[in-house]
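Notes to accompany the following structure.
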Amino acid sequence: MRWTIKPKPEQAQIDALSSILKVEDLVAQLLLQRGITNYEDAKRFFRPQLSDLHDPFLMKDMDKAVERIDKAIANQENILIFGDYDVDGTTAVALVSSYLESSYPNVATYIPDRYNEGYGVSYQGIDFAEDNGFSLIIALDCGVKAIDKVKYAREKGIDFIICDHHRPGNSLPDAVAVLDPKRTDCSYPYDELCGCGVGFKLIQALGSKKGETIEDLVPYLDLVATAIGADIVPITGENRVMAYWGLQVINQEPRAGFKAIINQIKKQVLTITDVVFIIAPRINAAGRMEHGQHAVNLLKETDLERAEFFAAEIEKYNTDRRNLDQIIAQEALLQIQENKEEEGFTSVVYNETWHKGVIGIVASRLIETYYRPTLVFTKSGNKLAASARSIKGFDVYEALEGCSDTIEQFGGHMYAAGLTLLEENYEAFKSKFEEVVAKTMDPNLMSPEIMVDAIIGIDQITPKLMRIIKQFAPFGPGNMAPIFMAENLRDTGYAKVVGQEGKHLKCKLFDKNNGSKRSAIDAIGFNLGKYLPTILDKTVSAVFTLDENEWQGNIALQMKLKDLKEHDSYQF
């Protein structure tokens, strides 16, 4: 891995902020690196306030959306809440539908089938709306590119309100309202909302017309926080506020569906990381293995006993998903080796039998072995469908645009996308994608980079520092947990590998020059078991985050190692 030390702010700035906030220089440095330069910035950072959320009517078309929903309710129209089958989509559908149902009965939900309908607004969903008397569809986490489908619905007398956060194409669908902060003509102050976040802004606008305050809507923020974590959007600005308050709801008054999941895992307090790795995969598993409607049912359920029944079903889907993605990942790695493609700029693999529901996870797994933009294809009807995943700093969506002549349809973000193409175009696409990436990607990006916030000594790792760093949470893109580097480290002599097949490294490190074994700090390095010979015999430098290890009721500080190098062997 490449270790990159972030520029240290000028000492005068550190001294000034340290004095204002009465914190140590290290804390002031970390805050300045996050753009926090004064007392007010720090107050907003450490204590996110609901009052910092923007007026929803600053979003283009919000007034039109509210007016159309009010009209639908006044005329007793049937409203269909439509959303994608992933975490962002299902949480958004649960949020908007449960909010509307709290005061209006003629509301139903629709999640497209991943296999029969595919991503986004579908003709089948519109036909369902027509057959069942729905005259208004609210599409969440999808729809901004559904020009033909919205036109199809309009011809049937069905209106659309679109709540999306993906980049629009050159033109917008002819919907009643298109709520998307990434619209070029939208001046909304924050454009990094997830789909569920846009849905929340819609209910915030609806609520304001009814005299509701933002405090009245806090119970819905657990869903938004989950979507923010799962969709890997920046945890800055409004997202930070909503994630902060949403986590409080999850930990203090979780909805029945979350409580049923939390009861299974026996964890007392959940962080955003726990939400991403514990709650989100289970919600996702419903759409991957069975149907996304199961997730919506769980998230909307108010009776704990029924929620526990739904959660048990979803737990089985998640177990099946884990087993399947491990098998497919091994098959994909073997395919790369057999095709002698280990040295390319991309990984593109295909097997018509691979389960469509897990190919995105498999793409992420492949990046752990071959760190480069990756696509995993499978057969979907009479076409091939793929999930794309990228590496830090490379826009896979733009790369796909460069291959658009071989693609039927695609959409997504900088780091994750989906596409379909005709089977006869697979080899042409594969060659073109390799060519585009090779031309446009800086080769340095193919070495994973660790951004180090500060170089510190072991003696600076204290419970006080840990208490302050915990207040930097919630962590995520735009506000990652601080990463530190320490030099001249030696193990106390009892380092060992732990876990299945000895994958993980457990040791105790002290400063060879300025400390003793008595001052050593516990350290754990997941998937760093290969470094055992190095740490037993040599002086090392380490990059790490700070963590707390809880064991039998006792809590101890530990270094969570991200990488190790022999002292003086690292390069910047």
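In the working numbering, the protein residues as written are 925 to 1496. Beta carbons are placed, not taken as given, at the ideal position from N, Cα and C, and that holds for glycine.
Residues bridged to residue i (per DSSP)
{"i": "Leu-1470", "result": "Met-1483"}
{"i": "Cys-1431", "result": "Ala-1447"}
{"i": "Val-1376", "result": "Ile-929"}
{"i": "Trp-1475", "result": "Asn-1478"}
{"i": "Arg-1414", "result": "Phe-1434"}
{"i": "Gln-1333", "result": "Thr-1344"}
{"i": "Ile-1003", "result": "Val-1031, Leu-1060"}
{"i": "Glu-1490", "result": "Val-1464"}
{"i": "Lys-1420", "result": "Lys-1430"}
{"i": "Val-1273", "result": "Val-1300"}
{"i": "Leu-1103", "result": "Cys-1087"}
Exposure label - residue i; buried when at least 16 CB within 10 Å
{"i": "Ser-943", "result": "exposed"}
{"i": "Tyr-1494", "result": "With a pLDDT of 47 at Tyr-1494, under the threshold of 50, the predicted position of this residue should be treated as unreliable, though the coordinate-derived value follows. Classification of Tyr-1494: buried, given that the 10 Å Cβ count is 16 or more."}
{"i": "Phe-1058", "result": "buried"}
{"i": "Pro-1297", "result": "buried"}
{"i": "Glu-1214", "result": "buried"}
{"i": "Asp-1109", "result": "exposed"}
{"i": "Ala-1204", "result": "buried"}
{"i": "Gln-1384", "result": "exposed"}
{"i": "Asn-1221", "result": "buried"}
{"i": "Ser-1046", "result": "buried"}
{"i": "Glu-1225", "result": "buried"}
{"i": "Glu-1232", "result": "buried"}
{"i": "Phe-1496", "result": "Per-residue confidence for Phe-1496 stands at a pLDDT of 41, beneath the threshold of 50, marking its modelled position as unreliable; no derived number is given."}
{"i": "Asp-1012", "result": "buried"}
{"i": "Asp-1083", "result": "buried"}
{"i": "Leu-1485", "result": "buried"}
{"i": "Glu-1322", "result": "exposed"}
{"i": "Leu-941", "result": "buried"}
{"i": "Tyr-1274", "result": "buried"}
{"i": "Thr-1270", "result": "buried"}
{"i": "Phe-1399", "result": "buried"}
{"i": "Ile-1003", "result": "buried"}
{"i": "Ile-1207", "result": "buried"}
{"i": "Gly-1423", "result": "exposed"}
{"i": "Gly-1317", "result": "exposed"}
{"i": "Lys-1489", "result": "buried"}
{"i": "Ala-1184", "result": "buried"}
{"i": "Thr-1033", "result": "buried"}
{"i": "Ser-1022", "result": "buried"}
C-beta atoms of residue i and residue j nearer than 8 Å
{"i": "Thr-1469", "j": "Ile-1407", "result": "yes"}
{"i": "Asp-1487", "j": "Gln-957", "result": "no"}
{"i": "Gly-1007", "j": "Ala-1016", "result": "yes"}
{"i": "Tyr-916", "j": "Leu-1299", "result": "Absent from the structure is residue 916, since the part of the chain shown begins at 925 and ends at 1496."}
{"i": "Leu-1096", "j": "Arg-992", "result": "no"}
{"i": "Val-1375", "j": "Thr-928", "result": "It should be noted that the sequence gives Met, not Val, for residue 1375. Contact flag set, yes."}
{"i": "Tyr-1295", "j": "Pro-1387", "result": "no"}
{"i": "Pro-1401", "j": "Ile-1196", "result": "no"}
{"i": "Ile-1127", "j": "Tyr-1144", "result": "yes"}
{"i": "Glu-1419", "j": "Leu-1460", "result": "What sits at residue 1419 in the sequence shown is Ala, not Glu. Yes, these two residues count as a Cβ contact at 8 Å."}
{"i": "Lys-1080", "j": "Ile-1050", "result": "yes"}
{"i": "Asp-1435", "j": "Ala-1480", "result": "no"}
{"i": "Gly-1342", "j": "Ala-1310", "result": "yes"}
{"i": "Ile-960", "j": "Asp-949", "result": "no"}
{"i": "Gly-1211", "j": "Thr-1344", "result": "no"}
{"i": "Leu-1223", "j": "Arg-1179", "result": "yes"}
{"i": "Pro-1497", "j": "Arg-1078", "result": "There is no way to answer for residue 1497, as the model of the chain reaches only from 925 to 1496."}
{"i": "Ile-1315", "j": "Leu-1369", "result": "yes"}
{"i": "Val-1165", "j": "Pro-972", "result": "yes"}
{"i": "Ile-1005", "j": "Val-1020", "result": "yes"}
{"i": "Ala-1512", "j": "Leu-954", "result": "Residue 1512 is absent from the model: the chain starts at 925 and stops at 1496."}
Uninterrupted alpha helix (DSSP H) stretches inside the segment 1049–1101 (no shorter than 4 residues) | 1071–1079
Can we say the segment 1080–1088 touches the segment 1096–1105, given the rule of at least three CB pairs closer than 8 Å?
-> yes
Can you give, in chain order, each stretch of the beta strand (DSSP E) that sits fully within the segment 1197–1255 and has at least 3 residues?
-> none
Do three or more CB pairs link the segment 1413–1423 to the segment 1456–1465 at distances below 8 Å?
-> yes
Runs of alpha helix (DSSP H) lying entirely within the segment 1286–1325, each at least 4 residues, in chain order | 1320–1325
Within the segment 1381–1414, ranges of the alpha helix (DSSP H) (whole runs, at least 4 residues) | 1387–1394
Per the contact definition of three or more C-beta pairs closer than 8 Å, is the segment 1046–1055 in contact with the segment 1150–1158?
-> no
Counting Cβ pairs, one atom from each stretch, are 3 or more of them under 8 Å apart for the segment 1161–1178 and the segment 1239–1247?
-> no
Inter-stretch contact at 8 Å, needing at least 3 Cβ pairs: the segment 1116–1132 / the segment 1051–1069 = yes
What are the uninterrupted segments assigned as alpha helix (DSSP H) that are 4 or more residues long and contained completely in the segment 1111–1150, given in chain order?
-> 1119–1133
Of all the alpha helix (DSSP H) runs that stay within the bounds of the segment 965–999, which reach a length of 4 or more residues?
-> 986–998
Can we say the segment 1126–1140 touches the segment 971–987, given the rule of at least three CB pairs closer than 8 Å?
-> yes
In chain order, which alpha helix (DSSP H) runs of at least 4 residues are fully inside the segment 1144–1193?
-> 1145–1154, 1161–1176, 1180–1189
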